[in-house]
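Trainee:
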């Protein structure tokens, strides 16, 4: 293994899903592109997104509400655009069709196959970035992603950012069943599977 | 868009990169599988991982040190195994070859193409999960991931968890150049690119 000087690091070597974070600024929908977003709690479901100060964060700070919108592969150009153009200069409210759910100030993007409206429950200042931790109030999805009233997978209509080369990739081939393929190692590393947590 | 009852949600519709989180418990390497890990700061580089209490978190809590290890596609079975078997019952220290960097209590996994040793700088209790925010002290990579002393991309040797169907997928096809494809929308949504942030 080679040691990489940490000051040269702008990616940790793994791809990240890209989302659009929505908020309301000056009574208009605003959004920005983020690759630092993930779930942080299952019950109740919560997400965190790490953001540096931007036009859109003004709206989150004011209303304590935001949305997470998962762009499909067809939105690569729009998603990239929202990452390189500041809403302080360009009105991005006409780029997408927005809709609102239960929250007043968390506009969501109709063109995204999955959207989540979130209420901020905690903010954590890191350094230049702030972690916004939001409770998912509701999740919305295209009918193609819904079965029997529930979100239906696989989660493959998404954009991945490969931070090291700064390009977007699609999720690809099926590799293995989760909570399953690991059982092939049970015999070797346990007493034959008689004594393990599932 | 269809509204999905939030209590049925165990995934937000986007795939997540899977990592192995390493720590030292009872003077032995321990690790667990996590899909809720991401960068949260660029300068200095920091990561956050959201974890429920586990055998491995005992070591993080004791030493305030942990490692993030990025498994390649060839480690799907081992990674899944570490997610379904608790270190409190099964000694996982023989599953991988561990090495240490600058930190005493953050063992890293030799078989992973990229590893990061982290010092905890803040913990945030969410609900059942705790967010461990760590400063990256050093990053290590296989020589195949290094060029001119720096991490070299693309970040495609990774496992993605599609949480909705709970299966692993590989990162796939190139879609577009980042900080670039969005410029195709400049003409339409700006004054022709004369007045925007880059």
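Protein chains in written order, with this note's numbering: chain A, 1 to 198; chain B, 1001 to 1198.
All C-beta atoms in this analysis are idealised placements derived from N, C-alpha and C, irrespective of residue type, glycine included.
1) Hey, residue 1065 (chain B) and residue 1119 (chain B): beta-carbon distance below 8 Å or not?
2) Span of the alpha helix (DSSP H) holding residue 1079 (chain B)?
3) Please go through the same chain and pick out, in chain order, the residues whose beta-carbon is closer than 7 Å to the beta-carbon of residue 1132 (chain B), but skip the five residues on each side of it.
4) So residue 1098 (chain B) contacts chain A; which residues on that side make the cut at Cβ distance below 8 Å?
5) Residue 1069 (chain B) and residue 1108 (chain B) look like a contact to me (Cβ under 8 Å); what is the Cβ gap, rounded to whole Å?
6) For residue 186 (chain A), name the three-state secondary structure that DSSP assigns.
7) Rounded to the nearest angstrom, what separates residue 2 (chain A) and residue 1078 (chain B) at their Cα positions?
8) If I follow the unbroken beta strand (DSSP E) through residue 9 (chain A), where does it start and stop?
9) Is DSSP giving residue 119 (chain A) helix, strand or coil here?
10) What in chain B is Cβ-close to residue 174 (chain A), meaning under 7 Å?
11) Which bits of chain A does residue 1127 (chain B) rub up against, with CB to CB less than 8 Å?
12) Applying the criterion that 16 or more other CB atoms from any shown protein chain within 10 Å of the CB defines a buried residue, is residue 188 (chain A) buried or exposed?
13) Comparing C-alpha positions only, which one of B:1014, B:1024, B:1020 sits nearest to residue 1103 (chain B)?
14) Leaving aside the five residues before and after residue 105 (chain A) along the sequence, list all residues of the same chain whose C-beta is less than 6 Å from its C-beta, in chain order.
15) Expressed to the nearest angstrom, what Euclidean distance is found between the alpha-carbon atoms of residue 160 (chain A) and residue 1150 (chain B)?
16) So that I know if they touch, is there some Cβ in chain B lying closer than 8 Å to that of residue 133 (chain A)?
17) At a Cβ threshold of 8 Å, is residue 1116 (chain B) touching chain A?
18) Given residue 54 (chain A), which residues of its chain have a CB within under 6 Å of its CB, disregarding the five upstream and five downstream residues?
19) Is residue 1076 (chain B) near residue 4 (chain A), with beta carbons less than 8 Å apart?
20) Inspect the beta-carbon positions of residue 1011 (chain B) and residue 1163 (chain B) and report whether they are closer than 8 Å.
Mentor: On the basis of the data shown:
1) yes
2) 1076-1084
3) 1048, 1049, 1051, 1060, 1066, 1120, 1123
4) What residue 1098 (chain B) touches in chain A: nothing, since even the nearest Cβ is about 11 Å away.
5) 6 Å
6) helix
7) 23 Å
8) Element bounds for residue 9 (chain A): n/a, residue is neither H nor E.
9) strand
10) 1167, 1169
11) 41, 43, 44, 46
12) exposed
13) B:1024
14) 24, 63, 65
15) 21 Å
16) yes
17) yes
18) 32
19) no
20) yes
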